Amino acid sequence: MLILIAGPYRSGTNDDPAKMAANLKVLEAPSHSLFRAGHVPMIGEWVALPVWHAAGGKAVGDALYEEIFHPVAGRLLALCDAVLRLPGVSKGADNDVRIARERGIPVYERLEDVPGCADFATRAITA
Numbered sequence: 312m313l314i315l316i317a318g319p320y321r322s323g324t325n326d327d328p329a330k331m332a333a334n335l336k337v338l339e340a341p342s343h344s345l346f347r348a349g350h351v352p353m354i355g356e357w358v359a360l361p362v363w364h365a366a367g368g369k370a371v372g373d374a375l376y377e378e379i380f381h382p383v384a385g386r387l388l389a390l391c392d393a394v395l396r397l398p399g400v401s402k403g404a405d406n407d408v409r410i411a412r413e414r415g416i417p418v419y420e421r422l423e424d425v426p427g428c429a430d431f432a433t434r435a436i437t438a
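Written as structure tokens, this is what we have:
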């Protein structure tokens, strides 16, 4: 399955690049376990960041940022087979979950609940 990993990225960071990078590492933590279980992990920022940079984005929250980041997640959800919602406050991730549920896409809140991932769960989310 193509699985969108959703969770906090910008939330709670006050747009501090180091905090955002730390949040991205947390989002990436379960990706290897998903891959080992035969899935393809996807994170919206993996797509949005290079698109934003290529478009000339300069500052987090600028007009290009707003134009690109949340729409990327919506487009990815049209392709994804499931969502893994990681813990933490995030309006964007909550919106991803809402869209997924409206579309009948399974939403997992624990890595061990994703098919094939029970053996990997403990290691992945403790990054």
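One rule links them: number in the working numbering = place in the sequence shown (from 1) + 311.
For each residue, glycine too, the CB sits at the ideal point set by N, CA and C.
Note that this is a predicted model, so its numbers are computed, not measured.
Query	Result
Less than 6 angstroms between C-beta atoms, sequence neighbours within five positions excluded: which residues of the same chain meet that for THR324?	LYS330 and MET331
Nearest-angstrom Cα distance between VAL418 and LEU313?	12 angstroms
What do you get for ASP407, buried or exposed, if any count of 16 or more other CB atoms within 10 angstroms of its CB means buried?	buried
For MET353, list the residues DSSP reports as bridge partners.	LEU315
Where does GLU420 land, buried or exposed, given buried means 16+ other C-beta within 10 angstroms?	exposed
Which class does ARG396 belong to by DSSP, given the choice of helix, strand or coil?	strand
Hey, would you say the C-beta of LYS330 is under 6 angstroms away from at least one heavy atom of the ligand SAH?	This structure lacks the ligand SAH, and indeed carries no ligand of any kind.
Which of the three DSSP states is assigned to TYR320 in this structure?	coil
So, do the stretch 421-428 and the stretch 345-360 have three or more beta carbon pairs nearer to each other than 8 angstroms?	yes
Which class does VAL358 belong to by DSSP, given the choice of helix, strand or coil?	helix
Taking the straight line between their C-alpha atoms, what separation do you get for ARG396 and ALA404?	7 angstroms
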